[in-house]
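Take a look at the structure below.
In my numbering, the protein residues as written are 77 to 169.
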């Protein structure tokens, strides 16, 4: 069984490259994804797909995150939560 530190380490070291996506036969299914301590979004782009009975079909456009708009709100909220709950904020490398 994994503990919380091991799970966090696993997520924060997840790196699914274009090459790996091709290797596992998932081209067109997802974009590359790299999650780190400093970036839990992993790039952030998303798109939606629907199964048509034979294959996955993209149902819209690729949506890019509005990092400039929401990042400050996320940081403020996280800082307040950490302070309120006496959680030490980690320095990401």
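We put the beta carbon where it would ideally sit given N, CA and C, even for glycine.
Just so we're clear, the structure is a prediction, and the values are computed from it rather than from any experiment.
What's the C-alpha gap between residue 101 and residue 146?
The residue given as residue 101 occupies position 25 in the chain shown. The residue given as residue 146 occupies position 70 in the chain shown. Each residue's Cα considered, the two are about 34 Å apart.
Nearest CA to the CA of residue 97: which residue from 109, 86 and 89?
Against the chain shown, residue 97 aligns to sequence position 21. Measuring from the Cα of residue 97, the nearest candidate turns out to be 109.
Chain-order list of residues whose beta-carbon lies under 8 Å from that of residue 138 (same chain, five-residue window excluded)
Working through the chain shown from its first residue, we reach residue 138 at position 62. For residue 138, where only same-chain residues beyond five positions count, the Cβ hits under 8 Å are 107, 121, 122 and 123.
As an exercise, report each continuous alpha helix (DSSP H) stretch of at least 4 residues that is fully enclosed by the segment 132 to 165, in chain order.
143 to 160
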